[in-house]
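Visitor: Using the numbering used here, the first residue of the sequence shown is number 2, and each one after it goes up by one.
Built from N, CA and C at the ideal position, the CB exists for glycine as well.
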Amino acid sequence: MKLLLLCLGLTLVCVHAEEASSMSRNFNVQKISGYWFSIAGASDKRETIEENGSMRAFLENITVSENSLDFKFHFIVNEECTEMTLTGYKTEKPGTYSVNYDGFNTFTILDTDYDNYITFHLINKKDGETFQVMGLYGRQPDLSSDIKEEFVKLSEEYGIVRENIIDFTNVNRCLQARE
Ligand SMILES: *[C@@H]1O[C@H](CO)[C@@H](O)[C@H](O)[C@H]1NC(C)=O
Ligand SMILES: *[C@@H]1O[C@H](CO)[C@@H](O)[C@H](O)[C@H]1NC(C)=O
């Protein structure tokens, strides 16, 4: 009986460990390519996603390559929409990419259903300081309140409070600058 309980216990640990790793084994990165819209951002350093913040990036599309992901973003610089493509390169850690942009960043895909939403988690390191940014993106310009609420909960799990989450659907996201 004790042995049975131990096995059961181990199974639960194993299942949980698998859930904790950002994406499951059958995750197909190719399927995240194409057009996306920035829906919401979260950060434990709020000013980075506020107006003129370096992480206030409005996504247009993702291009998937063997060892990298290209993100075409629009930023508002001096009140004008400015295009920038950033490339995240695969690191030794599965599912983790890195990019030099306003410091050194590593990011992972936390969750996606490919057809509706995707969430990213990024850690920025600069001048010996660290902050986190999370992003929610949709295939359409807006997402259901259920998905948005899931994003709030997920952010809270990473220690980002609700007050530090910004809904981008009612701000200028440079939609007119998209192709
Ligand atoms: C996406 O953005 C890239 C630039 O990164 C561009 O070359 C490409 O044509 C865009 N469109 C699609 C559908 O990938
Ligand atoms: C953002 O930058 C613009 C132009 O540089 C400036 O006019 C505006 O006040 C800034 N906004 C904030 C919230 O700092």
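Looking at the structure shown, is residue 28 part of a helix, part of a strand, or coil, going by DSSP?
Guide: Taking the sequence shown and counting its residues from 1, one reaches residue 28 at position 27. If DSSP states are grouped into helix, strand and coil, residue 28 belongs with coil.
Visitor: Which stretch, first to last residue, makes up the beta strand (DSSP E) that contains residue 112?
Guide: One-based indexing of the sequence shown puts residue 112 at position 111. Element bounds for residue 112: 105 to 113.
Visitor: Taking the Cβ atom as the reference point for each residue, do residue 161 and residue 138 lie within a distance shorter than 7 Å?
Guide: For this step, residue 161 is matched to residue 160 along the sequence shown. For this step, residue 138 is matched to residue 137 along the sequence shown. Not in contact: residue 161 and residue 138 (Cβ atoms no closer than 7 Å).
Visitor: Using a strict less-than 6 Å threshold between each residue's beta carbon and the heavy atoms of ligand 2, what residues do you get?
Guide: Result: 52, 53, 79 and 80.
Visitor: Between residue 103 and residue 125, what straight-line distance do the alpha-carbon atoms span, to the nearest angstrom?
Guide: Translated into the one-based positions of the sequence shown, residue 103 becomes position 102. Translated into the one-based positions of the sequence shown, residue 125 becomes position 124. Near 8 Å, if we compare the C-alpha coordinates of residue 125 and residue 103.
Visitor: Let me know if residue 159 comes out buried or exposed under the rule of 16 or more other beta-carbons within 10 Å of its beta-carbon.
Guide: Locating residue 159 in the sequence shown gives position 158, counting from the first residue. By the neighbour-count rule (16 or more Cβ atoms within 10 Å), residue 159 is not buried but exposed.
Visitor: Roughly how many angstroms lie between the CA atoms of residue 83 and residue 62, to the nearest whole one?
Guide: By 1-based counting over the sequence shown, the position of residue 83 is 82. By 1-based counting over the sequence shown, the position of residue 62 is 61. Each residue's alpha carbon lies about 15 Å from the other.
Visitor: Quick check on this structure: which residue in 53, 89 and 31 has the alpha carbon closest to the alpha carbon of residue 1?
Guide: With the chain covering 2 to 180 only, the question about residue 1 has no answer from this structure.
Visitor: Taking contact to mean 3 or more Cβ pairs, one atom from each stretch, closer than 8 Å, check whether the segment 69 to 79 and the segment 41 to 49 are in contact.
Guide: No contact exists between the segment 69 to 79 and the segment 41 to 49.
Visitor: Compare the C-alpha of residue 180 against each of 75, 29, 87 and 65 and name the closest.
Guide: As a position in the sequence shown, residue 180 is number 179, starting the count at 1. Of 75, 29, 87 and 65, the residue nearest in Cα terms is 75.
Visitor: For residue 51, which residues does DSSP report across the bridge?
Guide: For this step, residue 51 is matched to residue 50 along the sequence shown. Beta-bridge pairing links residue 51 to no other residue.
Visitor: Distance, Cα to Cα, residue 101 vs residue 86?
Guide: Your numbering for residue 101 matches position 100 in the sequence shown. Your numbering for residue 86 matches position 85 in the sequence shown. Roughly 12 Å separates the two Cα atoms.
Visitor: CB-CB under 6 Å to residue 56, same chain, minus the five flanking residues each way: which ones, in chain order?
Guide: Locating residue 56 in the sequence shown gives position 55, counting from the first residue. Hits under 6 Å: 49, 50 and 134.
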